[in-house]
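For the sequence shown, my numbering assigns the number 257 to the initial residue and increments by one for each residue that follows.
See structure below.
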Amino acid sequence: MNSKNIKISDIGIDEFLPYLLAHASNLISKQIDEIAAAEGLSRNECKVLITLSNKEDVTLNELANLMIIKQPTLSRIVDAMVKAGWLLRDVVKEDRRSVNIRLTSAGRDQAVPLLSHAHKMDYFIARNIGSIESKHLKKLLRSLISQEKNIF
Numbered sequence: 257m258n259s260k261n262i263k264i265s266d267i268g269i270d271e272f273l274p275y276l277l278a279h280a281s282n283l284i285s286k287q288i289d290e291i292a293a294a295e296g297l298s299r300n301e302c303k304v305l306i307t308l309s310n311k312e313d314v315t316l317n318e319l320a321n322l323m324i325i326k327q328p329t330l331s332r333i334v335d336a337m338v339k340a341g342w343l344l345r346d347v348v349k350e351d352r353r354s355v356n357i358r359l360t361s362a363g364r365d366q367a368v369p370l371l372s373h374a375h376k377m378d379y380f381i382a383r384n385i386g387s388i389e390s391k392h393l394k395k396l397l398r399s400l401i402s403q404e405k406n407i408f
């Protein structure tokens with residue numbers, strides 16, 4: 257079919273990849289919000305804990321990029337988590353303007369149930385769409401994310 261002959265009424269919204277990605281993201285985000293609430297945390301606090309669980313000494317800028325969040329917003333979250341005793345903030349020796357963020361042992365303890373929930377969600381998705389499809393989807397999404405600047 258020629259694109260000039262396509263009527264807007266012929267295409268359902270579920271034919272648009274951006275819609276499907278946003279819809280799937282929204283469904284997962286709702287689950288994450290429920291898990292976060294059950295643990296007494298915000299979604300962003302969960303993301304900080306999970307992101308830092310396998311990383312040491314991540315700068316605030318790196319963490320903001322990994323979390324897809326603005327640095328001023330992340331700074332407020334990190335401040336609260338430092339006060340709660342879950343994070344440590346250290347000045348980078350090579351660049352005194354940069355700050356490294358890492359989990360404390362209390363932060364690692366806080367991350368354990370979140371990681372368990374994340375693994376369960378991953379397993380549930382893989383079980384529903386199939387292990388091979390799950391791996392393929394991850395590969396496709398990583399490829400899409402890595403080409404962020406070339407998409408539009």
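By construction, the Cβ of each residue, glycine as well, lies at the ideal position given by its N, Cα and C atoms.
Counting pairs of beta carbons, one from the stretch 369–389 and one from the stretch 282–300, are three or more of them closer than 8 angstroms?
-> yes
Taking C-beta to C-beta, are asparagine 356 and threonine 315 nearer than 8 angstroms?
-> Position 100 of the sequence shown, counted from the start, is the residue given in the question as residue 356. Position 59 of the sequence shown, counted from the start, is the residue given in the question as residue 315. Cβ distance < 8 angstroms, so asparagine 356 and threonine 315 count as in contact.
Is the Cβ of aspartate 335 closer than 8 angstroms to any Cβ of chain C?
-> Absent from the structure: chain C. Only one protein chain is present.
Run of the alpha helix (DSSP H) containing aspartate 378, from where it starts to where it stops = Counted from its first residue, the sequence shown places residue 378 at position 122. 361–385 is the span of the alpha helix (DSSP H), which, as asked, contains aspartate 378.
C-beta contact flag for isoleucine 381 and serine 387 at 8 angstroms = The count along the sequence shown starts at 1 and reaches residue 381 at position 125. The count along the sequence shown starts at 1 and reaches residue 387 at position 131. In this structure, serine 387 does not lie closer than 8 angstroms to isoleucine 381 by Cβ.
Which residue's Cα is closest to the Cα of serine 309: Arg352, Leu400, Ser399, Leu359?
-> Reading the sequence shown from its first residue, position 53 is the one you call residue 309. For serine 309, the nearest C-alpha among the options comes from Leu359.
Where leucine 344 falls: helix, strand or coil (DSSP) = Your numbering for residue 344 matches position 88 in the sequence shown. Shown here, leucine 344 sits in a strand according to DSSP, grouped into three states.
Who are the Cβ neighbours of leucine 330 in its own chain at under 7 angstroms, not counting the five residues just before and after it?
-> The count along the sequence shown starts at 1 and reaches residue 330 at position 74. Hits under 7 angstroms: Leu316, Leu319, Ala320, Met323.
Are the CB atoms of leucine 305 and glutamine 366 nearer to each other than 8 angstroms?
-> As a position in the sequence shown, residue 305 is number 49, starting the count at 1. As a position in the sequence shown, residue 366 is number 110, starting the count at 1. Yes, the pair counts as a contact, with Cβ atoms nearer than the cut-off.
Backbone secondary structure at asparagine 406 - three-state DSSP | Locating residue 406 in the sequence shown gives position 150, where the first residue counts as 1. Reduced to three states, the DSSP call for asparagine 406 is helix.
CB-CB under 8 angstroms to isoleucine 385, same chain, minus the five flanking residues each way: which ones, in chain order?
-> Numbered from its first residue, the sequence shown carries residue 385 at position 129. Leu393.
If we count the other Cβ atoms within 10 Å of its Cβ and call it buried at 16 or more, is leucine 397 buried or exposed?
-> Within the sequence shown, numbered from 1, the residue matching residue 397 stands at position 141. Leucine 397 is exposed by the Cβ-count criterion.
Limits of the alpha helix (DSSP H) - the one that isoleucine 284 falls within | As a first step, residue 284 must be located in the sequence shown, where it is residue number 28. Looking at the DSSP string, the run of the alpha helix (DSSP H) that includes isoleucine 284 is 273–294.
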